[in-house]
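As structure tokens, the structure follows; a few thoughts come after it.
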Amino acid sequence: AQTVTQSQPEMSVQEAETVTLSCTYDTSENNYYLFWYKQPPSRQMILVIRQEAYKQQNATENRFSVNFQKAAKSFSLKISDSQLGDTAMYFCAFMISFNAGGTSYGKLTFGQGTILTVHP
Amino acid sequence: DGGITQSPKYLFRKEGQNVTLSCEQNLNHDAMYWYRQDPGQGLRLIYYSQIVNDFQKGDIAEGYSVSREKKESFPLTVTSAQKNPTAFYLCASRGPGNSGNTIYFGEGSWLTVV
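Residue numbers (the numbering used here), protein chains in the order written: chain B, 25 to 144; chain X, 4 to 117.
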């Protein structure tokens, strides 16, 4: 079974500064996908960034980037130039995806989340 | 616009009642999922369906039931056997093939037992 651990229940950062959220996972699989989702007070789950395990290059999306360390099974999220709108719960998630008989299979396993507060 | 629509947004259930949460998607996605979220917690998988007329139990399926008669629809019934149903419920879907490695979510439904 796959597990995802987020060891920081809460984090805070000043506006315009940089913050890093931690995530570790456990799996015996070699091919998988990792995600960071953001959940603001509206409760909508918003995809922030995605990383394929077979890619060595770390994914980036504007102010968001990851530090993917496959051997250490670590997947941290760095938010640069933090904005007030970044205040939210952030979830790390893991998925194994495979095709069988023409059907694609996969399901997400989530960590417990980190509440990030950006202060003005 | 393409997306995932959940209804109702808020639902109140009396003790002993069954209630059904609706989830519809027009993304032409094969796979659909139901997750439950309790306050301050992560998401736990209730049921998922990879294709029409097929579905599997997730980690917390007891007290819930689903159907997948159409590709677009994956309703979740919360039965009276679910002893603590008050929670936020999220429906999600995933596309086929190489585009299917990301899961997208609806806006969620709040269920409260009164």
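Even glycine gets a Cβ: it sits at the ideal position worked out from N, Cα and C.
Here the structure is a predicted model, which means the values were calculated and not measured.
Within-9 Å CB hit, N104 (chain X) to chain B: Yes, contact with chain B.
Which residues DSSP lists as bridging I73 (chain B), in chain order: Per DSSP, B:W60.
Extent of the continuous beta strand (DSSP E) to which N91 (chain B) belongs: N91 (chain B) -> beta strand (DSSP E) spans F88 to Q93.
E110 (chain X) versus M69 (chain B) - alpha carbon distance: Their Cα atoms are separated by approximately 7 Å.
Nearest to V81 (chain X) (by Cα), restricted to the options X:R71, X:A64 and X:D57: Measuring from the Cα of V81 (chain X), the nearest candidate turns out to be X:A64.
For L108 (chain B), the three-state DSSP class (helix, strand or coil): Three-state result, L108 (chain B): helix.
Inside the stretch 42-115 of chain X only - beta strand (DSSP E) runs reaching at least 3 residues: Within the stretch 42-115 of chain X, the complete beta strand (DSSP E) segments of 3 residues or longer fall at 46-54, 57-60, 67-69, 79-81, 90-97 and 106-108, listed in chain order.
V117 (chain X) to R47 (chain X) span [Cα, whole Å]: Taking the straight line from one Cα to the other gives about 23 Å.
Span of the beta strand (DSSP E) around R67 (chain B): Looking at the DSSP string, R67 (chain B) is not in any beta strand (DSSP E), and its letter there is neither H nor E.
Terminal residues of the beta strand (DSSP E) in which K102 (chain B) lies: For K102 (chain B), the uninterrupted beta strand (DSSP E) run begins and ends at S98 to I103, by DSSP.
Cα-Cα separation between L93 (chain X) and G66 (chain X), rounded to whole angstroms: Their backbone Cα atoms lie some 16 Å apart in a straight line.
The stretch 12-28 of chain X touching the stretch 53-62 of chain B, judged by at least three CB pairs closer than 8 Å: In this structure the stretch 12-28 of chain X does not lie against the stretch 53-62 of chain B, because fewer than three pairs of beta carbons, one per stretch, are closer than 8 Å.
Coil, strand or helix - T84 (chain B) by DSSP: Correct three-state label for T84 (chain B): strand.
Nonlocal neighbours in the same chain, by C-beta distance under 6 Å from M119 (chain B), ignoring five residues either side: Excluding five sequence positions before and after M119 (chain B), the CB atoms of its chain that fall closer than 6 Å to its own CB belong to Y57, G130 and L132, given in chain order.
Backbone CA spacing between H32 (chain X) and N104 (chain X) [nearest angstrom]: Cα-Cα distance, rounded: 11 Å.
Proximity to A117 (chain B) [Cα-Cα], best of X:S25, X:K73, X:S96 and X:I106: Scanning X:S25, X:K73, X:S96 and X:I106 for the CA closest to the CA of A117 (chain B) turns up X:I106.
Meets three-Cβ-pair contact criterion under 8 Å: the stretch 30-45 of chain B and the stretch 70-84 of chain X: The stretch 30-45 of chain B makes no contact with the stretch 70-84 of chain X; the number of CB pairs closer than 8 Å stays below 3.
Straight-line gap, A34 (chain X) to Q40 (chain X) (C-alpha atoms, nearest Å): Each residue's alpha carbon lies about 20 Å from the other.
Distance, E76 (chain B) Cα to A84 (chain X) Cα: Each residue's alpha carbon lies about 39 Å from the other.
Where T29 (chain B) sits in the DSSP three-state scheme: T29 (chain B): strand per DSSP, three-state reduction.
Whether Y114 (chain B) touches V72 (chain B) by CB criterion (9 Å): Less than 9 Å divides the Cβ of Y114 (chain B) from the Cβ of V72 (chain B).
Beta-carbon separation (whole angstroms), S96 (chain X) vs I7 (chain X), contact threshold 8 Å: With a contact defined as Cβ atoms closer than 8 Å, S96 (chain X) and I7 (chain X) qualify at about 6 Å.
Distance between beta carbons of G137 (chain B) and Q26 (chain B), contact taken as under 8 Å: The beta carbons of Q26 (chain B) and G137 (chain B) sit about 17 Å from each other, so the pair does not count as a contact at 8 Å.
F92 (chain B) versus K102 (chain B) - alpha carbon distance: A straight-line Cα-Cα distance of about 11 Å links F92 (chain B) and K102 (chain B).
Rounded separation between A28 (chain B) and L45 (chain B) - CA only: The question names Ala, yet the displayed sequence has Val at residue 28 (chain B). Cα to Cα, the separation comes out at about 13 Å.
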